Amino acid sequence: MADFDEELDASGLNCPLPILRAKKTLAGMESGKVLHIIATDPGSVKDFEAFARQTGNELMESKEEGGKFQFLIKKA
Amino acid sequence: MQEKKLAIIATKGSLDWAYPPFILASTAAALGYETEIFFTFYGLQLLKKDLDLKVTPLGNPGMPMPMGMDKWFPTLLTALPGMEAMMTSMMKKKMASKGVASLEELRELCQEAEVRLIACQMTVDLFDMDPSAFIEGVEFAGAARFFEFAGQSDICLYI
Numbered sequence: 054m055a056d057f058d059e060e061l062d063a064s065g066l067n068c069p070l071p072i073l074r075a076k077k078t079l080a081g082m083e084s085g086k087v088l089h090i091i092a093t094d095p096g097s098v099k100d101f102e103a104f105a106r107q108t109g110n111e112l113m114e115s116k117e118e119g120g121k122f123q124f125l126i127k128k129a
Numbered sequence: 004m005q006e007k008k009l010a011i012i013a014t015k016g017s018l019d020w021a022y023p024p025f026i027l028a029s030t031a032a033a034l035g036y037e038t039e040i041f042f043t044f045y046g047l048q049l050l051k052k053d054l055d056l057k058v059t060p061l062g063n064p065g066m067p068m069p070m071g072m073d074k075w076f077p078t079l080l081t082a083l084p085g086m087e088a089m090m091t092s093m094m095k096k097k098m099a100s101k102g103v104a105s106l107e108e109l110r111e112l113c114q115e116a117e118v119r120l121i122a123c124q125m126t127v128d129l130f131d132m133d134p135s136a137f138i139e140g141v142e143f144a145g146a147a148r149f150f151e152f153a154g155q156s157d158i159c160l161y162i
């Protein structure tokens, strides 16, 4: 997984909390910085894709590893 | 990108039905929607400082119950004293164990994200509700006020 600037562990949280926490964390970051998110909610995979499409933030990577979902989002 | 708008009417005051308005509104706000919720009739319970919402299996055949009770437990018995309190407590425990946010948390997130919360003035008067029992930041207004925003909304939901 590529480098990132900030990390958000949303493990154990269910919809819509991972998205809401990510949005909040991104709000405090500068444009171009990358946020690494860890989640256990399987719904978060589709949700982060949709979040990226609708907010213009780029979903650089999305993968599953040992029951955890990981995302890299670059702030627009 | 022009900001989209979501208008919601929240009409129900039970624990289960309190979730959809707050989940959808907070998510929409995170996606950049300008969002407004108009609370009317029993939906006004969702604006109380002290949330004391309950869920009941009575008259709700779709509600999953522990031990498959929804399949074999006689409907009439779901009206027994204590059933509502028991189901409410079980539902809350279940939600906490699954990482579902509490209503208080979701409501706070909505307010942080500047979701506008509007209480139906007519219902407040009708039920002699005390406006000081509501959380800070609630606007009291009528149907015309709702339409001012709903008329320009991209999505309008009645919940």
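Going down the list, the sequences are from chains B and D.
Every letter in the first sequence is one number past the one before it in my numbering, and letter 21, counting from 1, is 74.
Every letter in the second sequence is one number past the one before it in my numbering, and letter 87, counting from 1, is 90.
By construction, the Cβ of each residue, glycine as well, lies at the ideal position given by its N, Cα and C atoms.
Bear in mind that the values here come from a model prediction, so they are computed numbers and not experimental data.
Residue-level contact to chain D via CB, residue i, 8 Å cutoff
| i | result |
| --- | --- |
| B:Pro69 | yes |
| B:Lys76 | yes |
| B:Ile72 | yes |
| B:Gln107 | yes |
| B:Ile61 | Here the sequence assigns Leu to residue 61 of chain B, which means Ile is not the residue at that position. No, B:Leu61 lies away from the interface with chain D (no Cβ there is under 8 Å from its Cβ). |
Same chain, Cβ closer than 7 Å to residue i, neighbours up to 5 away in sequence not counted
| i | result |
| --- | --- |
| D:Thr43 | Ile12, Thr14, Cys123 and Thr126 |
Outcome for residue i when other beta-carbon atoms lying within 10 angstroms are tallied against a minimum of 16
| i | result |
| --- | --- |
| D:Glu6 | exposed |
| D:Pro24 | buried |
| D:Pro184 | It is not possible to answer for residue 184 of chain D, since the shown part of chain D is limited to 4 through 162. |
| D:Gly2 | No answer is possible for residue 2 of chain D: it lies beyond the span of chain D, which begins at 4 and ends at 162. |
| D:Ala99 | exposed |
Opening and closing residue of the alpha helix (DSSP H) in which residue i lies
| i | result |
| --- | --- |
| D:Asp128 | Gln124 to Leu129 |
| B:Ser97 | Ser97 to Thr108 |
| D:Gln5 | Neither: D:Gln5 is in no alpha helix (DSSP H) and is coded neither H nor E. |
| D:Lys101 | Per DSSP, D:Lys101 belongs to no alpha helix (DSSP H) and is neither H nor E. |
| B:Ala75 | Leu70 to Ala80 |
Cutoff 8 Å: residue i Cβ touching any chain B Cβ
| i | result |
| --- | --- |
| D:Leu9 | no |
| D:Ala104 | yes |
| D:Ser29 | yes |
| D:Lys96 | no |
| D:Phe57 | Here residue 57 of chain D turns out to be Lys, not Phe, going by the sequence shown. It does not: the Cβ of D:Lys57 has no partner Cβ on chain B nearer than 8 Å. |
| D:Lys74 | no |
| D:Ala146 | no |
| D:Leu34 | yes |
Within-8 Å CB hit, residue i to chain E
| i | result |
| --- | --- |
| D:Ile26 | The chain inventory of the structure shown lacks chain E, comprising the protein chains B and D. |
Segment limits, beta strand (DSSP E) that includes residue i
| i | result |
| --- | --- |
| B:Ala92 | Val87 to Ala92 |
| B:Asp62 | Glu59 to Ala63 |
What beta strand (DSSP E) runs, 3 residues minimum, are completely inside the stretch 29-76 of chain D? 37-42
Curious, which full-length alpha helix (DSSP H) runs of at least 4 residues does the stretch 131-156 of chain D contain? 146-153
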